[in-house]
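There are 2 protein chains.
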Amino acid sequence: MARDDSEGKPMFKRLALIGVGLIGSSISHAARRAGIVGEIACSALTAAERQRAEALGLATKVYADPVDAVKGADLIILCAPVGAFKEIAEAIGPHLEKGAIVSDVGSVKAAAVRDIAPSIPDGVHFIAGHPIAGTEQSGPDAGFAELFDGRWCILTPAPDADAASLARLEEFWRKLGSNVELMTPEHHDMVLAITSHVPHLIAYNIVNTAAHLERVTDSEVIKFSAAGFRDFTRIAASDPVMWRDVFLNNKEAVLEMLGRFSEDLVALQRAIRFGDGPTLEHMFTEARAVRRGIIQAGQDTEQPDFGRNVSRVREKSR
Amino acid sequence: MARDDSEGKPMFKRLALIGVGLIGSSISHAARRAGIVGEIACSALTAAERQRAEALGLATKVYADPVDAVKGADLIILCAPVGAFKEIAEAIGPHLEKGAIVSDVGSVKAAAVRDIAPSIPDGVHFIAGHPIAGTEQSGPDAGFAELFDGRWCILTPAPDADAASLARLEEFWRKLGSNVELMTPEHHDMVLAITSHVPHLIAYNIVNTAAHLERVTDSEVIKFSAAGFRDFTRIAASDPVMWRDVFLNNKEAVLEMLGRFSEDLVALQRAIRFGDGPTLEHMFTEARAVRRGIIQAGQDTEQPDFGRNVSRVREKSR
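As you go down the protein sequences, you meet chains S and F in turn.
Sequential numbering from 2 applies to the first sequence in the numbering used here.
Sequential numbering from 2 applies to the second sequence in the numbering used here.
Right, dumping it as structure tokens:
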């Protein structure tokens, strides 16, 4: 595989990916694009996933057992649902190589630290992480090299984390195309509760509300979904097991944000009931300003109808 | 302008568009693409909009006063916010030509019928309509000819509507690229409350909830929006005045659907609080099935990251 130009050798000699869903497979693509890993080992739970990982060339070696994947690895990234972290960490812990870096891509970080850290032996460096990128698709075939380009990866190192290892992991994510931000696991979980977890929950919720109406048929919901609803269904198409684990493991922050969401919704509901046009218009106008901020920050484009993942759209539309 | 092949003359000799925002300007583009109108007259409220309408060639004649636009028109479509319908209808009523068809594109239909029908003189045929298509952008520059391709246009004719006029209006929308469905105004308002109005309301709501947190900064919300939130901001970027009028004019159906949404959300909230994984996974899995239905019905594509407006994406991605 390609080498890192600056040193004549790759940043990591063996990258182990535990799980090759959307994120794991995208890390494989992006790491090979960057030429920063000597070899990639991966493990996947099901025979079907292993077969796809091999067919797609996601790894030099594809294993059923995470223990086999981590042997000799100097960078190990857990890319499984958060609910599986504890068991995986306990299994691989005794087989980790001294000096290796262990990270993860879980959507909640306090629970990830709680479940992984106790199994990491002395001399191995654990730094939890979360790339803020994704699509509504899942599985080994869903990954692509550009997923992280221009997005943010949040790392949540413990106060006593090894500085050199942290610097290497930051550099790794930058080479995958990401920007890197550091914060505590608890703050991460609060930020993601509002930017990701609650939005997904209400998307799932409205899709189910719509599916259980008596006076509007499923076929009508589907036919007339272009009026806004279909964008919610895209978000609600994300992996159910991954999301179950997110909500089970970020309970407090999600419940707090949900409480605020519901309070605000009741205020809007009241404005509708009493025909309070100025309040409605004011609140709708405010929301537009946030949208402008996101476009200015390069996290979406102004292009109507599509616009997520800037680089891919640009590439395909030229 | 181009002629209708079958008859050697256009379907309508003069199309009048009252308002040239996203929908009005798209009708102009699509009608010219189809070659089904002799000339297009339009009116717009502001000088800036009129200047853009002229620069974009949206109409043969651009007027400030709707009364001037409707003179001699055999098809008149109100493309203004729903709250302006009554005043417009009262103004143009006395100037409508015998045999003309009057329609609209408002997102609520019972209120549109209530506000427009009383001003329509005998011998003029009013049939309310609503094309289920759009983007998050607004204004004369936002329109494009393909907006209606493969989407649905709902018409809500009164039981005694003129059959020949209804057939002509249906044909007009088909030539713009739409499928056509007929239903009562009341049923339309119920269907759209769940597929469009409530989704927009909760998108506006979560954007505002996020903007008013103390412990998460606006800059963090924006930076990490790629995790789901940014898709809500896109929906919440739609025109505030148009949406104010929607909620003021579809109060009962919106409040009913909001009530159901909140009930269902409380059930999910409870499952999170008590750590009920099977319920969460079950509800998330159900939502996926609705998504598959939408893709099978051609109202979205499976392509990740973008996928709205099938024809444009296809064209650009080949």
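Where a beta carbon is used, it is the ideal one built from N, C-alpha and C, also for glycine.
If residue i sits next to residue j, beta carbons under 8 Å apart, how far is it from one beta carbon to the other, in whole angstroms?
| i | j | result |
| --- | --- | --- |
| S/V321 | S/L59 | Coverage of chain S is limited to positions 2 through 319, which leaves residue 321 of chain S absent and any answer about it impossible. |
| F/Q297 | S/K224 | F/Q297 to S/K224, Cβ: 11 Å. No contact. |
| S/H126 | S/V103 | 7 Å |
| S/L97 | S/V71 | 6 Å |
| F/A129 | F/T157 | 5 Å |
| S/I41 | S/S29 | 6 Å |
| F/A211 | S/I133 | Not confirmed; about 15 Å, so no contact. |
Let's test the definition: count the other Cβ atoms within 10 Å of the Cβ of residue i and tell me whether it reaches 16, buried, or not, exposed.
| i | result |
| --- | --- |
| F/E137 | buried |
| S/G135 | buried |
| S/H213 | exposed |
| S/A238 | buried |
| S/E171 | buried |
| F/R15 | buried |
| F/S120 | buried |
| S/R293 | exposed |
| S/A48 | exposed |
| S/P95 | exposed |
| F/E91 | exposed |
| F/D123 | exposed |
| F/S220 | exposed |
| F/E147 | buried |
| F/A54 | buried |
| F/G276 | exposed |
| F/A118 | exposed |
| F/E88 | exposed |
| S/A74 | buried |
| F/A290 | exposed |
Just the Cα atoms here: how many angstroms apart are residue i and residue j?
| i | j | result |
| --- | --- | --- |
| S/F86 | S/A288 | 37 Å |
| S/D142 | S/M243 | 17 Å |
| F/T280 | F/E264 | 15 Å |
| S/F246 | S/V83 | The displayed chain sequence assigns Asp, not Phe, to residue 246 of chain S. So the alpha carbons of these two residues sit roughly 6 Å apart. |
| F/A272 | F/G278 | 7 Å |
| F/R367 | F/Q270 | Residue 367 of chain F lies beyond the range of chain F shown here (2 to 319); nothing can be said about it. |
| S/K99 | S/H189 | 28 Å |
| F/S26 | S/E215 | 36 Å |
| S/F285 | S/V217 | 27 Å |
| S/V255 | S/A81 | 21 Å |
| S/M12 | S/F173 | 8 Å |
| S/S226 | F/S197 | 7 Å |
| S/M2 | S/A17 | Residue placement at S/M2 cannot be trusted, given a pLDDT of 47 that sits under 50; what the coordinates show is reported in the next sentence. C-alpha separation (whole angstroms): 15 Å. |
| S/A268 | F/A56 | 42 Å |
| S/A194 | F/P241 | 26 Å |
| F/I295 | F/V199 | 18 Å |
| S/A101 | S/M191 | 29 Å |
| S/L79 | F/K176 | 53 Å |
| F/G144 | F/L76 | 20 Å |
| S/S166 | S/T61 | 24 Å |
| S/D163 | S/T185 | 15 Å |
| S/C187 | S/H131 | The displayed chain sequence assigns Glu, not Cys, to residue 187 of chain S. For S/E187 and S/H131, the distance between alpha carbons rounds to 13 Å. |
| F/P160 | F/A168 | 14 Å |
| S/V38 | F/M258 | 52 Å |
| S/L46 | S/I93 | 14 Å |
| F/I24 | S/S44 | 51 Å |
| S/Y222 | F/H283 | The amino acid occupying residue 222 of chain S in the given sequence is Val; Tyr does not appear at that position. One C-alpha to the other measures close to 20 Å. |
| S/K10 | S/R51 | 28 Å |
If we define contact as Cβ-Cβ less than 7 Å, is residue i a contact residue for chain C?
| i | result |
| --- | --- |
| F/V109 | Chain labels in this structure do not include chain C; the protein chains are S and F. |
Compute every distance between the C-beta of residue i and the non-hydrogen atoms of the ligand GTP, then say whether any falls below 6 Å.
| i | result |
| --- | --- |
| F/H188 | As far as ligands go, the structure on display features none, and thus does not contain the ligand GTP. |
request  = Could you please tell me which residues of the segment 163-174 of chain S, in chain order, have their CB closer than 7 Å to any CB of chain F?
outcome  = none
The segment 228-248 of chain S contacting the segment 251-265 of chain F, beta-carbon criterion three pairs below 8 Å = no
message = Quick check: the segment 151-170 of chain S against the segment 31-38 of chain S, are at least 3 beta-carbon pairs closer than 8 Å?
response = no
query = So does the segment 177-184 of chain S actually touch the segment 65-72 of chain S, counting three or more Cβ pairs closer than 8 Å?
reply = no
key: Interface residues of the segment 219-237 of chain F facing chain S [CB-CB below 9 Å]   = D219, S220, E221, V222, I223, K224, F225, S226, A227, A228, G229, F230, R231, D232, F233, T234, R235, I236 and A237
ask   = When Cβ atoms are compared, which residues of the segment 113-143 of chain S fall closer than 8 Å to chain F?
value = I133, A134, G135, T136, E137, Q138 and A143
query = Between the segment 203-210 of chain F and the segment 189-203 of chain S, are three or more C-beta pairs nearer than 8 Å?
reply = yes
query = Closer than 9 Å, Cβ to any Cβ of chain S: which residues of the segment 198-215 of chain F, in chain order?
reply = H198, V199, P200, H201, L202, I203, A204, Y205, N206, I207, V208, N209, T210, A211, A212, H213 and L214
message = Counting only Cβ-Cβ distances shorter than 7 Å, please list the residues of the segment 275-302 of chain S near chain F, keeping chain order.
response = G276, G278, L281, E282, M284, F285, T286, E287, A288, R289, V291, R292, G294, I295, A298, Q300 and D301
key: Interface positions of the segment 239-250 of chain S facing chain F (Cβ-Cβ less than 7 Å), listed along the chain   = P241, V242, W244, R245, F248 and L249
Contact set between the segment 12-35 of chain S and chain F, restricted to residues whose Cβ is under 7 Å from the partner = none
Residues in the segment 68-91 of chain F having any Cβ partner in chain S nearer than 9 Å = G84
key: Residues, ordered as in the chain, of the segment 48-69 of chain F that lie near chain S by beta-carbon distance below 9 Å   = none
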